[in-house]
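> Just so we're aligned, residue 1 is where the sequence shown starts under my numbering, counting upward by one.
The beta carbon of each residue, even a glycine, is placed where N, CA and C say it ideally should be.
Values in this document were obtained by computation on a predicted structure and should not be read as measured data.
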Amino acid sequence: MGIDERKMLGRKIREYREGLDLTQEELAVTIGNGSKQCISSIENGAKNVTIDVLCRIASALKVRVGDLISF
């Protein structure tokens, strides 16, 4: 996944997270990754996301993986 796609994915994750009034830390704890920095890096497009983490994020945000990657 290139930087542009990572940034678009990160924006979608941030939009859904904020729509649920979740902080980055709350999302990190919910997906079993206690690192706010990890979520920040994903949302800023600085970090690649594994399919496992993407599935856990989608589940925590109550959306389908397809909702996050449709751009």
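Residues in its own chain within less than 6 Å of Thr-30 by CB, not counting five upstream and five downstream?
The answer, listed in chain order, is Ala-60.
> Have a look at Ile-69, Asn-44, Ala-28 and Lys-36 and flag the residue whose alpha-carbon is nearest the alpha-carbon of Ile-51.
If we check each option's Cα against that of Ile-51, Ile-69 comes out closest.
> Under three-state DSSP, which class holds Arg-17?
Residue state, collapsed to three classes: helix.
> Could you pull out every residue in the same chain whose Cβ sits closer than 6 Å to the Cβ of Ser-35, ignoring the five residues on either side in sequence?
The answer, listed in chain order, is Ala-28.
> Beta-carbon within less than 7 Å of Lys-42's beta-carbon, same chain only, minus the 5 sequence neighbours each way: which residues are those?
Reading the sequence as shown, one finds Ile at residue 42 and not Lys. The residues are Gly-10, Ile-13 and Val-49.
> What did DSSP end up calling Met-1 once you bin it into helix, strand or coil?
Three-state DSSP puts Met-1 in coil, outside helix and strand.
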